[in-house]
Amino acid sequence: MESKLKITGGVPLNGTIEAQGAKNAALPVMAAALLLKDGTLRLSRVPDLLDITTMADLLRSLGATVTYHEHGMDIAVPEQISWETPPDLVRKMRASSLVLGPLLARCGRVVMPLPGGCSIGSRPIDLHLKGLARMGASIELVHGSVHATTKGLKGSRIYLDFPSVGATENLIMAAVYAKGETVLENTAREPEILNLMEILRSMGASIEADGTGVVRVQGVQELHDGVSAIIPDRIEACTYILAGAATNGEVTVRGVVPAHIDSLLAKLEEAGASLTIGQDAVTIHPSGRLKGVSLKTLPYPGFPTDLQPQIMALLSMAEGASIIQESVFQSRFLHVSELNKMGAKIDIQGNSSIITGVGELAGADVAATDLRAGAALVIAGLAAKGNTCVRNTGHIRRGYENMVGKLRSLGATIEAVEDEGDDGDSERREKSGLPRHTS
Ligand code: EPZ
């Protein structure tokens, strides 16, 4: 049953919360465990999220054993595993495509349905496949599935047309067992990729990265057991910092790496926010109404596209105008119409949104279209006058561990209720004598 969030806005958030482990680090690292041939990867600080459960189910379907322990998990991978991924699981989550590289490198073949697009764009995996082909894989698309085989991947020089996060991760994992040296150029440089490389090195992989987008991998024969920690989730942490700013509260997020969120902190200071930045914690202080600012989303270390909806919610209430340019995804503005239902004044022009700040948002019934759009609507609801109902919050549970609990601990009035799909239709049906629900 889908659930919805009921929020009563206008309450400044106050308090301290702990950042979860990074979803976008844990997912590739879990996929990397498949490179083990009869070994175990022990991970700590793995977030408790729907996407993590989906990835664990996918690993189990291939023959791995995944057991949870306090704030972490053990992934045991036997000598023999399957290379055929179950369509139902792959279609649930795009990040399933991260098993392509490990399975091909380890089994010499993989069959996987092409991941679907989603509300933020078509999201192809052409760069992943092009790189694997460069390493000697033969790849066929058969009825919407990728059939890839190789007699043994070979080290190659691969230039990525776009610094794709997933393609970078897949190709690094594939290169771990390739014969000879692989040089990847124009790679993504997100902190989650550094975490993946650290963990692969701890398992015996030979990987060098100089932070300039060049990664060199020397192929090895085998990896050994690993014990590692997932880095903090910079996107989740910033979501709560933005919620603090939007409600004019005082929120501290602990267990973060401030250097990973420089772009957001700089943008908030430019808008007039007051911040305290510590070793592993950031505090946003009551900063009153911020000034409009402009930004363009870019691959790391640029402003992250995964914070674009959330900062848009904040800037919709700023003094003056803001322009947000989305350069990473084709169409990541489905949250605009929902924010406008709450009184925001946002106009989409191509891949930019023009925001005219308003003094106040008004609570409304809105729907999440993806994970970060959902988070943006929660931020708007926390700041708005009156009550807001955010539907389709399954998206939110995919990436935010215990959001309701964390927000309540900061003083928010928020509750999760079952959504019987009542879109106000039942009253109309009742009045017209129709039964409330028909099958
Ligand atoms: C990762 O997705 C993240 N997901 C996304 O986070 C994030 O938004 C994205 O990187 C960008 O930072 C995970 O790490 C699990 P990309 P990914 O490949 O790897 C195009 C969230 O909310 N592209 O860097 O799929 C693509 O269409 C999620 O946590 C190709 O054209 O992102 C997109 O426009 C949402 N061909 C752009 O590149 C390819 O082969 C960036 O995609 C691959 C990508």
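Letter by letter, the sequence shown follows residues 0 to 438 in numbering that gives the first Met the number 0.
Cβ coordinates follow ideal geometry from the N, Cα and C atoms, glycine included.
| Check | Outcome |
| --- | --- |
| Buried versus exposed, by CB contacts within 10 Å (16 or more), V416 | exposed |
| Neighbourhood of A374 by C-beta, 6 Å cutoff - its chain only, sequence neighbours within 5 removed | T238, Q309 |
| Which of helix, strand or coil DSSP assigns to G71 | strand |
| Proximity test, V98 beta-carbon vs the ligand EPZ heavy atom, cut-off 8 Å | no |
| For G100 and D87, the rounded distance between their alpha carbons | 20 Å |
| Other residues of its chain near D56: CB distance less than 7 Å, five sequence neighbours each side excluded | L88 |
| Residue range of the beta strand (DSSP E) that includes P46 | Where P46 is concerned, there is no enclosing beta strand (DSSP E), given that its DSSP letter is neither H nor E. |
| Continuous alpha helix (DSSP H) stretch holding Q309: start and end | 307-314 |
| DSSP beta-bridge partners of R41 | D73, V226 |
| Own chain residues within Cβ distance below 6 Å of C106, not counting five before or after | W82 |
| One or two residues paired with C388 in a DSSP bridge | K5, D364 |
| Start and end residues, alpha helix (DSSP H) containing S321 | S321 -> not in any alpha helix (DSSP H); beta strand (DSSP E) instead, spanning 320-324. |
| The region 27-47 touching the region 66-73, judged by at least three CB pairs closer than 8 Å | yes |
| Bridge-paired residues (DSSP) for Q217 | E180, S205 |
| G249 (DSSP reduced to helix, strand or coil) | Before going on, a small fix: residue 249 reads as Glu here, not Gly. E249 falls in the strand class under three-state DSSP. |
| Backbone CA spacing between L26 and L113 [nearest angstrom] | 18 Å |
| Nearest-angstrom Cα separation, counted from L35 out to S352 | 45 Å |
| Rounded straight-line distance, which links the Cα of P298 to that of N23 | 14 Å |
| Among A228, H334, T392, A320, nearest to S118 - alpha-carbon criterion | H334 |
| Candidates A382, R233, K129, of which the one nearest G342 by Cα | A382 |
| Y239 Cβ short of 8 Å to the ligand EPZ heavy atom set | no |
| Of the residues Q217, S201, N185, the one placed nearest T211, counting alpha carbons only | N185 |
| Identity of the residues DSSP links to H348 by a beta bridge | Before going on, a small fix: residue 348 reads as Gln here, not His. Answer by DSSP bridge pairing, in chain order: S351. |
| Alpha helix (DSSP H) segment containing G398, residue limits | 393-398 |
| Inside the region 257-292 only - beta strand (DSSP E) runs reaching at least 3 residues | 273-276, 280-284 |
| Three-state secondary structure assigned by DSSP to S121 | coil |
| Cβ neighbour criterion (16 or more within 10 Å) applied to G151 | exposed |
| Minimum C-alpha distance to G410 - residue among S2, L12, K3 | L12 |
| V10 to F332 span [Cα, whole Å] | 27 Å |
| S163 CB to nearest heavy atom of the ligand EPZ below 8 Å | yes |
| Own chain partners of K295 with C-beta closer than 6 Å, once the 5 adjacent residues on each side are dropped | Q324, S326 |
| DSSP-derived helix/strand/coil call for E197 | helix |
| DSSP-derived helix/strand/coil call for P112 | strand |
| Distance, R288 Cα to E189 Cα | 31 Å |
| Neighbourhood of K405 by C-beta distance below 6 Å, restricted to the same chain and skipping five residues each side | I16 |
| is_contact[H223, chain C] using C-beta, thresh 9 Å | Here chain C cannot be found, since the structure has a single protein chain. |
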